[in-house]
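As structure tokens, the structure follows; a few thoughts come after it.
There are 2 protein chains.
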Amino acid sequence: MIGQMMQQPLLVSSLLRHAERHHGGQEIVSRRVEGDIHRYTFRDLADRSRRLAQALERLGIEPGTRVATLAWNGYRHLELYYAASGSGAVLHTVNPRLHPDQMAWIIADAADDVLFFDLTFLPLVRELGPRLASVRHYVVMSDREHLPGDIGDVLVYEDLIAEESGSYQWPTFDEQTASSLCYTSGTTGNPKGVLYSHRSTVLHTFAVALPDSMGLSASDSVMPVVPMFHVNAWGLPYAACMVGAKVVLPGADLDGRSLYELQEAEQVTLSASVPTVWQGQLRHAQEHGVRFTTLERAVIGGAACPSSMLRELEKLHGVNVIHGWGMTETSPFGTASVPKHTHQDVTDDERFAVQAKQGRCVFGMDLKIVDDVGNELPWNGRAAGHLMARGPWVLSTYYRREEADPLIDGWFPTGDIATIDADGFMQITDRSKDVIKSGGEWISSIDLENIAMSHPGIAAAACIGVRHRKWDERPLLVVVRAPDADVTGEGLLAYFEGKVAKWWLPDDVVFVDSLPMGSTGKVLKAPLRERFQDHLMPSRTRVSATSTEH
Amino acid sequence: MIGQMMQQPLLVSSLLRHAERHHGGQEIVSRRVEGDIHRYTFRDLADRSRRLAQALERLGIEPGTRVATLAWNGYRHLELYYAASGSGAVLHTVNPRLHPDQMAWIIADAADDVLFFDLTFLPLVRELGPRLASVRHYVVMSDREHLPGDIGDVLVYEDLIAEESGSYQWPTFDEQTASSLCYTSGTTGNPKGVLYSHRSTVLHTFAVALPDSMGLSASDSVMPVVPMFHVNAWGLPYAACMVGAKVVLPGADLDGRSLYELQEAEQVTLSASVPTVWQGQLRHAQEHGVRFTTLERAVIGGAACPSSMLRELEKLHGVNVIHGWGMTETSPFGTASVPKHTHQDVTDDERFAVQAKQGRCVFGMDLKIVDDVGNELPWNGRAAGHLMARGPWVLSTYYRREEADPLIDGWFPTGDIATIDADGFMQITDRSKDVIKSGGEWISSIDLENIAMSHPGIAAAACIGVRHRKWDERPLLVVVRAPDADVTGEGLLAYFEGKVAKWWLPDDVVFVDSLPMGSTGKVLKAPLRERFQDHLMPSRTRVSATSTEH
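Chains as they are written, first to last, in the numbering used here: chain U, 520 to 1069; chain P, 520 to 1069.
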């Protein structure tokens, strides 16, 4: 027996339609790469998105065609989010922080038909241009007034918009239709595309907005600092339309001062970014003796939030931290570390310990942890296993890699090692490829790195498993000294005592000038492992625990 | 191009599965009709729901079969919600407050196969039994210990549960499958069935839980006082599982004292019921000089919330009122009167005026107002028109009435007259059939009733349009005097002056001992209109403005 309710597909355009009808007067504020502050409303966003959809049609962009962007967080990028997906094309947000070779590879793999880019990326696009065989049109996201002289056959965004009427009607189609495409940042091998659907996007948006996720409402002023080229800015460009929140888009200036000033000026209540960006804002506040006066919630993801940051945001600024976890393959929202009813009477320290975990599943997402042969492990906060994810906004296959099924028994292997406690709070203890297997037992490289980083003399640390005759693999700590610090290897190892089990103690410490970093700011351990793989083997002249390499 | 995310249908069982895995230890507290307080967890709910699903299978209940309930809010009713829908059968919650003839008609129309009922309804079921041809099994929702001697061939709920293992696996099927069935309370004509789907139910649940709706979280203790036999208790039995909130089910005792004591004992943070039930709790608090110490939010729907109630809950008890609107045909959640960013600096009085409206659309629901010929009217807070609704949890056709399409241009006509303001806040000014058309202009019967009811000498009021030679129709006020009051018709009409336009003033006032009420506590205007239709016609001997009829 079939239910008798209305058949309405879940479409990205329905989010914009809702925002226009029910929150038409709500503001969207953008700091433009042109330098000024731009303001308009959801009503304007809807009108200009319709014009842009008409312009895409005029450019011959058909349903399913990939529309690439190289852009910061701004209103024109938001218009592309709705115009491209809403018209049935696929929005492909390219990460401009990648190496140009990777960008060229990704744009070719996606076979993008048109490339929209911010003015700041004009030199980059000129460099890339000759290698982008699929791209038929280039559009600079600016107006004539701001163009630097002759730009060849590049189209101008505002010209395209101005030529259209806005009388466009958003088409209705199957909600399984692809809406957007993001590539994983993959620290090894070529990036892989994740192709979201309208259905997965709208369901994910509901999940993002729920009270135990970001808890978004029409009373909020929301600033997504996390880039719109990075997993759809964690869903905020969609969620703001769903709930009618004010939107504040910070453009290209992501330093602590710029963000702090914009946040205060626009009375931002919720902002979302990675720990290093939050760190910049906190440092600015500290140096200038100022406080966050309007911010209520800080969404922190992309990397583990240090416990000290949790405390500083709450105790100094009265900000509630929402520590979350997700990945490109999970749209990205998977978990948030929001306390439960059971935590209402715990101490601050106990609560911070809960919030420092990656968090619990929002409805729709499910997780499990398994051992090396796939047996599910208990949720006791101690057993660590391979983290597997499942849900309507989790990837099933990679774009154009349909032949290689990444799933195991219907679950997506995240590549993380994690524990889950009895309350369902998940904590990542390592990446699967980084976990150190010493005599068959696992040692968490992240735990050891965190301890090393908490030493005042250490600026950066990476812990890797290197070959060992007896234990197969043992931990080696590779660290960068803080400026003017004189910590020694022995001193650092002594610092570990009492903090971890004896057999977890790194076998040696190597001092280096810097650690290799990937395009998204994560340490690349593969080159370290290659370089130091024989560091503990007898054939190699053993360097003392204070060895320094350059 | 099709997106490449996991294909997972939106099923009612997925809500329970989530609650069991991620909130297994959360409490469900029920006041039983047996008299005591019962406590268990989501883990127990999931286990017993699986056993019940096995029992349904053993009774020969097949997918699509209707499973009827006559029950108060309690854990066994909750188990039926999940076991019936989760197994692919259709949960049909019958309203025990209807007239037995209507109940028999509804059960026959639904062709229910099995009837589960609370012990308190045993006499009713015995009375109805001979007329329920479709019902093959009767199950009393109790255990042997509480049975009143011989119950014939009625099955016992706890016996059924005890015989099963709980090893049941929830089946996966098309999310468009019917999940549950509710009948409209229809004040005229036979009730009509609304057949919800799994998809509509899960999407509705997301909407209910959003911050600008009920804002539900795992920190909440939620008490649905609104009956589970009345439009699925406004979605709370599903939403509590989605977010992992504590659930408090009040059973059959809905008087002010019982509810207040349970609310305090179980630290309820959110409760939901109709104004008259809230009134009982407020009266109890006033008479005993007590306060609501844990309640944070009061969800009020089913009828307009009086402004005085809004104030009393907020000012005296520190409770935030969420005034909502919906109907059986809209699952029911349609709008909530939650202020926006634009209301942050308004005065209390201005905010109360906003909250007293029926509210704005949650994402998914859309509304419009149209004139008699279907033209959309402006959203200016003044233009009143026929309210039309649309969305994935709005009815498309009535159960077994597929031949009669109730929609107009794809919109469901709610039967209400409403205004919508520039911020999207809808306010119902009348029922379409109750609006008074005087010389082609509309007069709101509800506005006139509200003014009459605010007079201290008036206990109840109904305003109806009656025939008039010159104006076609004019307002007649039918009122019940408050005990010991001596207000006259002239006095009451004088009270209206300055409160409405002169041409809105009722032409006469009739005093009666009581007003005819429907099964859900709404005044039935049809018999009043029939009785008084010629009250203003010259052929009838005109009774003075202080006329009294018995």
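C-beta atoms are modelled at their ideal positions from N, C-alpha and C, and glycine is treated no differently.
Handout entry: Residue from U:808, U:773 and U:803 with nearest C-alpha to residue 793 (chain U)
Key = For the purposes of this step, residue 793 (chain U) is taken as the residue at position 274 of the first sequence. Just measuring C-alpha positions, the residue of U:808, U:773 and U:803 sitting nearest residue 793 (chain U) is U:773.
Practice task
Could you run through the region 907 to 923 of chain U and flag, in chain order, every residue whose CB is less than 8 Å away from some CB of chain P?
Solution key: Here the close residues are 909, 910, 911, 912, 913, 914, 915, 916, 917, 918 and 921.
Problem - Check whether residue 653 (chain P) and residue 623 (chain P) have beta carbons under 8 Å apart - result: Here residue 653 (chain P) corresponds to residue number 134 of the second sequence, with the count starting at 1. Here residue 623 (chain P) corresponds to residue number 104 of the second sequence, with the count starting at 1. Contact flag unset, no.
Practice task
Report the residue ranges of all beta strand (DSSP E) runs contained in full by the region 816 to 903 of chain U; include only those spanning at least 3 residues, in chain order.
Solution key: If we require 3 residues or more, the beta strand (DSSP E) runs fully inside the region 816 to 903 of chain U come out as 816 to 819, 839 to 845, 852 to 855 and 885 to 889.
Exercise for the section: Measuring only between beta-carbons, confirm whether residue 715 (chain U) sits less than 8 Å from chain P. Expected result: To locate residue 715 (chain U), count along the first sequence from 1; it is residue 196. Chain P, which has a Cβ nearer than 8 Å to the Cβ of residue 715 (chain U), makes this yes.
Exercise for the section: Scan the region 530 to 574 of chain P and note each continuous beta strand (DSSP E) run of 3 residues or more that stays entirely inside, going in chain order. Expected result: The qualifying runs are 546 to 550 and 556 to 560.
Practice task
Measure the alpha-carbon distance for residue 828 (chain U) versus residue 1037 (chain P) and round it to whole angstroms.
Solution key: In the first sequence, residue 828 (chain U) corresponds to position 309, counting from 1. In the second sequence, residue 1037 (chain P) corresponds to position 518, counting from 1. Cα-Cα distance, rounded: 59 Å.
Problem - Closest by C-alpha distance to residue 590 (chain P), when choosing among P:955, P:752, P:920 and P:785 - result: Here the question's residue 590 (chain P) lines up with position 71 in the second sequence. Closest by C-alpha distance to residue 590 (chain P), out of P:955, P:752, P:920 and P:785, is P:752.
Exercise for the section: Output the distance between the C-alpha atoms of residue 821 (chain P) and residue 845 (chain P), rounded to the nearest integer angstrom. Expected result: For the purposes of this step, residue 821 (chain P) is taken as residue 302 along the second sequence, with counting starting at 1. For the purposes of this step, residue 845 (chain P) is taken as residue 326 along the second sequence, with counting starting at 1. Looking at the two C-alpha atoms, the distance is approximately 7 Å.
Problem - Under the three-state DSSP convention, the category residue 761 (chain U) falls into - result: The residue you call residue 761 (chain U) lines up with position 242 of the first sequence. Reduced to three states, the DSSP call for residue 761 (chain U) is helix.
Exercise for the section: For the region 1000 to 1008 of chain P and the region 977 to 984 of chain P, state whether three or more C-beta atom pairs, one from each stretch, are separated by less than 8 Å. Expected result: Yes: the two stretches touch, three or more of their Cβ pairs being nearer than 8 Å.
Practice task
Using a Cβ cut-off of 8 Å, pull out every chain U residue sitting near residue 696 (chain P), in sequence order please.
Solution key: Here residue 696 (chain P) refers to the residue found at position 177 when the second sequence is read from its first residue. Counting only Cβ-Cβ distances below 8 Å, residue 696 (chain P) has contacts in chain U at 520, 521 and 522, in chain order.
Exercise for the section: Please list the partners that residue 621 (chain P) has in chain U, where partner means a Cβ-to-Cβ separation under 8 Å. Expected result: What you label residue 621 (chain P) is simply residue 102 of the second sequence in a count that begins at 1. Close partners of residue 621 (chain P) in chain U (Cβ separation under 8 Å) are lacking, with about 21 Å as the shortest Cβ gap.
Problem - Continuous alpha helix (DSSP H) stretch holding residue 1027 (chain P): start and end - result: One-based indexing of the second sequence puts residue 1027 (chain P) at position 508. According to the DSSP assignment, residue 1027 (chain P) belongs to no alpha helix (DSSP H) but to the beta strand (DSSP E) extending over 1027 to 1030.
Handout entry: At least three beta-carbon pairs within less than 8 Å, the region 572 to 581 of chain U to the region 597 to 606 of chain U
Key = Yes: at least three Cβ pairs fall under 8 Å.
Exercise for the section: Check whether the Cβ of residue 876 (chain P) lies closer than 8 Å to any Cβ atom in chain U. Expected result: Along the second sequence, read from residue 1 onward, the residue named residue 876 (chain P) stands at position 357. Put simply, the CB of residue 876 (chain P) is far from chain U, with every gap to its CB atoms at 8 Å or more.
Handout entry: Test: residue 653 (chain U) CB closer than 8 Å to a CB of chain P
Key = Translated into the one-based positions of the first sequence, residue 653 (chain U) becomes position 134. Any Cβ of chain P closer than 8 Å to the Cβ of residue 653 (chain U) would place that residue at the interface, and such an atom is absent.
Handout entry: Helix, strand or coil at residue 949 (chain U) [DSSP, three-state]
Key = Start at 1 with the first residue of the first sequence, and residue 949 (chain U) comes out as number 430. Three-state DSSP puts residue 949 (chain U) in a strand.
Handout entry: Nearest neighbour of residue 558 (chain P), chosen from P:854, P:545 and P:566 [CA to CA]
Key = As a first step, residue 558 (chain P) is located in the second sequence; it is residue number 39 there, counting from the start. Selected option, being the one with the closest Cα: P:545.
Exercise for the section: Can you say whether residue 928 (chain P) is buried or exposed, counting buried as having 16 or more other CB atoms within 10 angstroms of its CB? Expected result: Start at 1 with the first residue of the second sequence, and residue 928 (chain P) comes out as number 409. By the neighbour-count rule (16 or more Cβ atoms within 10 Å), residue 928 (chain P) is not buried but exposed.
Exercise for the section: To the nearest angstrom, report how far apart residue 1051 (chain U) and residue 646 (chain U) are at their CA atoms. Expected result: Walking along the first sequence from the start, residue 1051 (chain U) turns up at place 532. Walking along the first sequence from the start, residue 646 (chain U) turns up at place 127. Taking the straight line from one Cα to the other gives about 36 Å.
Handout entry: Spatially closest choice to residue 1009 (chain U) from U:1027, U:994, U:935 and U:764, by CA coordinates
Key = Along the first sequence, one-based indexing puts residue 1009 (chain U) at 490. Of the listed residues, the one whose Cα sits closest to residue 1009 (chain U) is U:1027.
Handout entry: Test item: CB-CB of residue 726 (chain U) and residue 755 (chain U) under 8 Å
Key = Along the first sequence, read from residue 1 onward, the residue named residue 726 (chain U) stands at position 207. Along the first sequence, read from residue 1 onward, the residue named residue 755 (chain U) stands at position 236. No, these two residues do not count as a Cβ contact at 8 Å.
Handout entry: According to DSSP, residues forming a beta bridge with residue 592 (chain P)
Key = Numbered from its first residue, the second sequence carries residue 592 (chain P) at position 73. Beta-bridge pairing links residue 592 (chain P) to P:770.
Problem - CB contact below 8 Å: residue 834 (chain U) versus chain P - result: On the first sequence, position 315 is the one that residue 834 (chain U) refers to. So, not an interface residue.
Handout entry: chain P within 8 Å of residue 984 (chain U), Cβ atoms only
Key = Translated into the one-based positions of the first sequence, residue 984 (chain U) becomes position 465. The beta-carbon of residue 984 (chain U) is placed no less than 8 Å from the nearest beta-carbon of chain P.
Handout entry: Interface residues of the region 728 to 750 of chain P facing chain U [CB-CB below 8 Å]
Key = So the close ones are 728, 729, 730, 731, 734, 735, 736, 737, 738, 739 and 740.
Practice task
Starting from the C-beta of residue 983 (chain U), find all residues in its chain whose C-beta is less than 6 Å away, skip the five residues before and the five after it, and write them out in chain order.
Solution key: Mapped onto the first sequence, residue 983 (chain U) falls at position 464. Counting only Cβ-Cβ distances below 6 Å, and skipping sequence neighbours, we find 995, 1044, 1047 and 1048.
Problem - Assigned exposure category for residue 613 (chain P) - 16 Cβ within 10 Å defines buried - result: For the purposes of this step, residue 613 (chain P) is taken as residue 94 along the second sequence, with counting starting at 1. It counts as buried.
Practice task
Run through the region 660 to 718 of chain P for me and flag every whole alpha helix (DSSP H) of 4 or more residues, listed as ranges in chain order.
Solution key: If we require 4 residues or more, the alpha helix (DSSP H) runs fully inside the region 660 to 718 of chain P come out as 676 to 681.
Handout entry: Straight-line Cα distance separating residue 556 (chain U) from residue 895 (chain P)
Key = Within the second sequence, numbered from 1, the residue matching residue 895 (chain P) stands at position 376. Within the first sequence, numbered from 1, the residue matching residue 556 (chain U) stands at position 37. Straight-line spacing of the CA atoms in residue 895 (chain P) and residue 556 (chain U) works out to 36 Å.
Handout entry: Limits of the alpha helix (DSSP H) - the one that residue 1008 (chain U) falls within
Key = Position 489 of the first sequence holds residue 1008 (chain U). DSSP places residue 1008 (chain U) in the uninterrupted alpha helix (DSSP H) bounded by 1008 to 1015.
Problem - Straight-line gap, residue 1063 (chain U) to residue 1005 (chain U) (C-alpha atoms, nearest Å) - result: Taking the first sequence and counting its residues from 1, the one referred to as residue 1063 (chain U) is at position 544. Taking the first sequence and counting its residues from 1, the one referred to as residue 1005 (chain U) is at position 486. Because the pLDDT of residue 1063 (chain U) is 49, which lies under 50, any placement of that residue in the model is unreliable, and the number read from its coordinates should be weighed accordingly. Looking at the two C-alpha atoms, the distance is approximately 16 Å.
Handout entry: Local Cβ density within 10 Å of residue 1069 (chain P), reported as buried at 16 or more and exposed below that
Key = Counted from its first residue, the second sequence places residue 1069 (chain P) at position 550. For residue 1069 (chain P), the pLDDT reaches just 49, beneath the cut-off of 50, and the residue's location in the model is therefore unreliable, leaving the point undetermined.
Exercise for the section: Would you check if there are 3 or more beta carbon pairs closer than 8 Å linking the region 828 to 839 of chain P to the region 800 to 818 of chain P? Expected result: Contact between the region 828 to 839 of chain P and the region 800 to 818 of chain P is present, because at least three Cβ pairs lie under 8 Å.
Handout entry: Residue range of the unbroken alpha helix (DSSP H) whose run includes residue 775 (chain U)
Key = In the first sequence, the residue the question calls residue 775 (chain U) occupies position 256. Counted as a single uninterrupted DSSP element, the alpha helix (DSSP H) harbouring residue 775 (chain U) occupies residues 775 to 784.
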